[in-house]
Each structure stands twice: as structure tokens, then as C-alpha cells.
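Take 1 as the starting number for the sequence shown in the numbering used here and just add one per residue. The structure appears below as C-alpha cells.
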Amino acid sequence: MSQNVIEISGLWKSFVVRHNRTESLKQLFIGWLDWRRRERRQSFWALTDVGLQVERGQMVGIIGPNGSGKSTLLRCVAGILKPERGEVIVRGRVAPMIEIGVGFHPELTGEENLYLNAALYGLDRPQIEAIRPAIIEYAELEEFIDVPIKNYSTGMYTRLGFSIAVHLQPEVLLVDEILAVGDEAFQQKCLQRMMQLKSSGTSILLVSHDLAKVEKLCDKVYLIAHSRLEFAGDPVKAVAIYREKLAS
Ligand SMILES: Nc1ncnc2c1ncn2[C@@H]1O[C@H](COP(=O)(O)OP(=O)(O)OP(=O)(O)O)[C@@H](O)[C@H]1O
Ligand SMILES: [Mg+2]
Numbered sequence: 001m002s003q004n005v006i007e008i009s010g011l012w013k014s015f016v017v018r019h020n021r022t023e024s025l026k027q028l029f030i031g032w033l034d035w036r037r038r039e040r041r042q043s044f045w046a047l048t049d050v051g052l053q054v055e056r057g058q059m060v061g062i063i064g065p066n067g068s069g070k071s072t073l074l075r076c077v078a079g080i081l082k083p084e085r086g087e088v089i090v091r092g093r094v095a096p097m098i099e100i101g102v103g104f105h106p107e108l109t110g111e112e113n114l115y116l117n118a119a120l121y122g123l124d125r126p127q128i129e130a131i132r133p134a135i136i137e138y139a140e141l142e143e144f145i146d147v148p149i150k151n152y153s154t155g156m157y158t159r160l161g162f163s164i165a166v167h168l169q170p171e172v173l174l175v176d177e178i179l180a181v182g183d184e185a186f187q188q189k190c191l192q193r194m195m196q197l198k199s200s201g202t203s204i205l206l207v208s209h210d211l212a213k214v215e216k217l218c219d220k221v222y223l224i225a226h227s228r229l230e231f232a233g234d235p236v237k238a239v240a241i242y243r244e245k246l247a248s
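Okay, here's the thing in C-alpha cells:
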């Protein structure tokens, strides 16, 4: 029996949101009169009772509507967020999560971010220097590697993140919606590399709105809607249920 690389059970994650209501002049005046606080704080569950298992070398998809909790789930696996309840077990080294706009320091250059990310992963200087050229070449960012990240385009940013993550030879790769921002050529490159990593034993969790790709590439798909797990299993079935729900 193979041991799961990622094992999540009974996961609950809540957020506190502040509602700053825009009020009419009359309401503002009344509010001012009785000194009521106009800011309301409310917490809500972004994930309720979610379970998930990923075996070694599996590519597992997560699909669902905007705001359903997919990125939140990935961030819990990455350890960026701490759930209120439940258990997250990850057996293996996780590459820095690849998510649009997260994980880099905007003031630092591409190269400095590369060093920082690889060092945080646990590599020492010689190890980083050994993979540095391959990372830059794969990302096709030779001309921009000394430019501060804040001047990168979304695609450039994502290329660098993906390139760093895959060159670390991680046991777990968390990919959030990056297929949507890369151009066609880079998307193909990403997919090829993910399949290559998968065949060498890396487990991949892939959040995507590209249902056709998810259906084709994943071994198993989780459908999340309204913070809840709606379905887990066969990719074709998962996508069909999602499409049915979207249509209704
Ligand atoms: N740090 C946060 N603070 C407060 N609310 C948050 C935070 N992060 C996410 N949320 C909320 O949690 C819910 C789930 O968000 P999440 O980003 O996980 O959705 P998603 O499924 O990834 O959506 P999308 O398809 O748009 O990427 C949303 O209502 C979102 O507003
Ligand atoms: Mg998201």
C-alpha cells in the first residue's frame, strides 16, 4: 500500500473580513450622533471539512468557481496559512508555491529573488550557483534577471517562479493558476516539465480553470464549491459535474 504524500482531513479555515459600509449622509449623521462603530467585522468559513489525498507521483487537480477556496487550500498545504481545525500532513519537500504575484520581493531583482527562494528551500550557495544558469535559461529571462521584480510583467514573474520551483527537484509541487498567464509556448513548456517531474515521482497539486487540461492531465480531481468539497475522483466525472453546476 502506498503512503499518501499529502494527506488532509477535516480541514476548516476561516477568515475575518471587515465590511466598510458606504452609508448615506443621513446614516452617517445618525452614526455620528450615537457614536456607533461603522466597521463590522465578520468571520466566515473559506473551507469547511475538506479532505484530500495525493499519492507519490500523482497529478491532482482542484477546480471550482472563483472564491470557492482553492487557493486557500493550496496555501494550507504550503504552510502559508494555518487552519482552525483539521490535519495537514505533507511527506516530502514542498517547492515554494507558484502563485501569481506571491512569494517574491518586488524591490529585489530576479536574480536576488532566485537566491532568496532557493536559500529558503534549504540550498546552500554552491548548490544555488549550480542550478542558477538553468533556472534563468528555462525562464528565458537572461536580459531581465538584474531588473527589480516590480518591473516584470505577470508572465515574466510567473516564468521565474515556475522555473525556480521545478529546478529544486521538489517532492511536492503546488501550482496555482499559472497556466492562465503564460503564453502558449510557455504553457506547453510548463506542462511538459510537470509531466516529467511527475514521472520522476513528484506529486503535483494543480489549481486551474482550464477544465480541458485538468481533465486530460490529472489522475484525480477535487471539485470545490462554496468552501465545500463537492466531488473527488475521476477527472472526467468531476469536470462533468462542475459544468452541469455552472450551467444551472
Ligand atoms: N487573506 C484573506 N483574508 C480574508 N479573506 C480571504 C483571504 N484569502 C481568501 N479570502 C476569501 O476566501 C474565499 C476563498 O478564496 P480563494 O482565494 O481560496 O478562492 P479561489 O477558489 O482560489 O478563487 P479564484 O478561482 O478566484 O482564484 C474568498 O471569499 C476570499 O475572498
Ligand atoms: Mg485562487
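We treat Cβ as the ideally placed atom computed from N, Cα and C, and that holds for glycine.
Residue i, buried or exposed, once every other Cβ within 10 Å from all chains shown has been counted against 16
i    : result
K44  : The sequence given here places Phe at residue 44; Lys does not occur at that position. Answer is exposed; the Cβ neighbour count stays below 16.
G233 : exposed
G67  : exposed
A118 : buried
I62  : buried
L120 : exposed
A249 : Residue 249 is absent from the model: the chain starts at 1 and stops at 248.
R255 : Any property of residue 255 remains undetermined from this structure, which presents the chain solely from 1 to 248.
G10  : exposed
L25  : exposed
E215 : buried
Top-ranked residue by Cα proximity to residue i, from the options
i    : options                : result
R41  : V16, S24, L52          : V16
F162 : L174, S199, T109       : L174
H209 : E112, V239, K198       : V239
T109 : K150, V172, K220       : K150
E177 : M97, Y138, K216, K13   : M97
V5   : E55, L11, F29, K26     : E55
I8   : E142, R85, E184        : R85
P106 : R193, I145, Q53        : I145
S227 : P133, L141, S71        : S71
L211 : E230, E184, I241, R193 : I241
F231 : L52, H19, E129, R18    : L52
E129 : E112, L197, L141       : E112
CB-CB length for residue i against residue j, believed under 8 Å
i    : j    : result
L168 : K213 : Between K213 and L168 the Cβ distance is about 23 Å, and since that is not below 8 Å, they are no contact.
P235 : T202 : With a Cβ gap of about 19 Å, P235 and T202 do not count as contacting.
V90  : V172 : 6 Å
L73  : V94  : The Cβ separation is near 14 Å, so there is no contact.
Euclidean distance between Cα positions of residue i and residue j
i    : j    : result
L206 : P126 : 31 Å
A165 : T158 : 11 Å
M195 : V147 : 31 Å
S199 : A139 : 22 Å
K245 : G57  : 30 Å
Y152 : K237 : 39 Å
G92  : I204 : 12 Å
L123 : I131 : 10 Å
Q187 : E137 : 16 Å
M156 : E99  : 13 Å
G69  : R75  : 10 Å
D219 : L229 : 17 Å
V181 : T154 : 7 Å
E142 : V88  : 38 Å
L197 : R18  : 41 Å
Q192 : P133 : 20 Å
E184 : I30  : 56 Å
C190 : Q27  : 53 Å
Cβ-Cβ distance between residue i and residue j below 8 Å
i    : j    : result
L114 : I135 : yes
K82  : L47  : no
G64  : I224 : yes
L160 : M59  : no
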